[in-house]
Amino acid sequence: MFERFTTEAREVVVLAQDEARSLRHGYIGTEHLLLALLRQDTPTTAVLRRHGLDHDEVAGAVAAATGGDGLDADALRTLGIDLDAVRDVVEATFGPGALDRPGGGRRRSSPAHIPFTAGAKKVLELSLREAIALRSNRISDGHVALGLLREGEGLATKVLLDRGVDPRVLRADVTAALGS
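Encoded structure:
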């Protein structure tokens, strides 16, 4: 399926992995796909921004919804422990993502591999269906956005709704941008 992805759609997948890593998540979910879409500079990104979606605000909402470091980091900071500094030292010593891997046993995948959640896989599948429905030969980042809206159950949808975004209106605007 990825052979049908445009450069921008492939970039969404790569950026989603980066977003998951920066949030220290061991998975790529719908929220990471949304964040990746917001990091690009494409017509689809422009539509998302016109609907009031900002990368940094959405990243904050995702961190809050998934627990982030929040109170634990604050508690350690009051004891004089800088959690970010500890992570930096551990990753410098043991490699990037060292704290993300479960201890003991053999690793089943490379440390560079971050698996997609069922919801994120569904978004990518639905992006193909959206491209077919719109008679497109390729899957663009706009189709990924439409797949995200169609999936409708992941954290990305919750973030959209919490920000007052009407998925039907956003869908119509993304579809219009794809047609232009």
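Sequential numbering from 68 applies to the sequence shown in this note's numbering.
Note that the Cβ used here is the ideal one computed from N, Cα and C, for glycine as well.
If you draw a straight line from the alpha carbon of E220 to that of R106, how long is it in whole angstroms?
By one-based count along the sequence shown, residue 220 stands at place 153. By one-based count along the sequence shown, residue 106 stands at place 39. C-alpha separation (whole angstroms): 22 Å.
Only counting the same chain, and skipping five residues up and downstream in sequence, which positions put a Cβ closer than 8 Å to that of I148?
Start at 1 with the first residue of the sequence shown, and residue 148 comes out as number 81. Cβ within range, chain order: n/a, list empty.
Is it buried or exposed for D208, if we count other Cβ within 10 angstroms and need 16 for buried?
For this step, residue 208 is matched to residue 141 along the sequence shown. Burial call: buried.
What residue range is occupied by the uninterrupted alpha helix (DSSP H) comprising Q84?
For the purposes of this step, residue 84 is taken as the residue at position 17 of the sequence shown. It spans 74 to 89 - the alpha helix (DSSP H) in which Q84 sits, taken as one unbroken run.
What do you reckon, are the CB atoms on L222 and P234 nearer than 9 Å?
Here residue 222 corresponds to residue number 155 of the sequence shown, with the count starting at 1. Here residue 234 corresponds to residue number 167 of the sequence shown, with the count starting at 1. Contact: no.
Find out if the Cβ-Cβ distance for the pair L100, V241 is shorter than 9 Å.
Within the sequence shown, numbered from 1, the residue matching residue 100 stands at position 33. Within the sequence shown, numbered from 1, the residue matching residue 241 stands at position 174. No, the Cβ-Cβ distance between L100 and V241 is not below 9 Å.
What is the DSSP secondary structure of I181, counted as helix, strand or coil?
The residue labelled residue 181 in the question sits at position 114 within the sequence shown. Here I181 sits in coil by DSSP.
Which first and last residues belong to the alpha helix (DSSP H) in which T242 is found?
Here residue 242 refers to the residue found at position 175 of the sequence shown. Where T242 is concerned, the enclosing alpha helix (DSSP H) stretches over 234 to 246.
Specify whether the segment 177 to 194 and the segment 91 to 98 touch according to this definition: at least 3 beta carbon pairs, one from each stretch, less than 8 Å apart.
yes
With distances taken between CB atoms, is the gap from K225 to A132 smaller than 9 Å?
For the purposes of this step, residue 225 is identified with residue 158 of the sequence shown, where counting begins at 1. For the purposes of this step, residue 132 is identified with residue 65 of the sequence shown, where counting begins at 1. Against a cut-off of 9 Å, the Cβ pair of A132 and K225 comes out as a contact.
Determine the direct distance from the alpha carbon of V81 to that of E98, and round the result to whole angstroms.
Residue 98 sits at position 31 when you count from the first residue of the sequence shown. Residue 81 sits at position 14 when you count from the first residue of the sequence shown. The straight-line gap from Cα to Cα measures roughly 14 Å.
May I ask you to report which of helix, strand or coil DSSP gives I206?
To locate residue 206, count along the sequence shown from 1; it is residue 139. I206: strand per DSSP, three-state reduction.
Using CA atoms only, rank isn't needed, just tell me which of A128, A198, S203, I199 is closest to D229.
As a position in the sequence shown, residue 229 is number 162, starting the count at 1. Of the listed residues, the one whose Cα sits closest to D229 is A128.
Top-ranked residue by Cα proximity to A74, from E86, L102, D108:
Taking the first residue of the sequence shown as position 1, residue 74 is located at position 7. Ala is not the amino acid found at residue 74; the sequence shown has Thr there. T74 has its Cα closest to that of D108, out of E86, L102, D108.
Hey, A200 and V114 are a contact pair by Cβ (cut 8 Å); roughly how many whole angstroms apart?
Within the sequence shown, numbered from 1, the residue matching residue 200 stands at position 133. Within the sequence shown, numbered from 1, the residue matching residue 114 stands at position 47. The Cβ separation is near 18 Å, so there is no contact.
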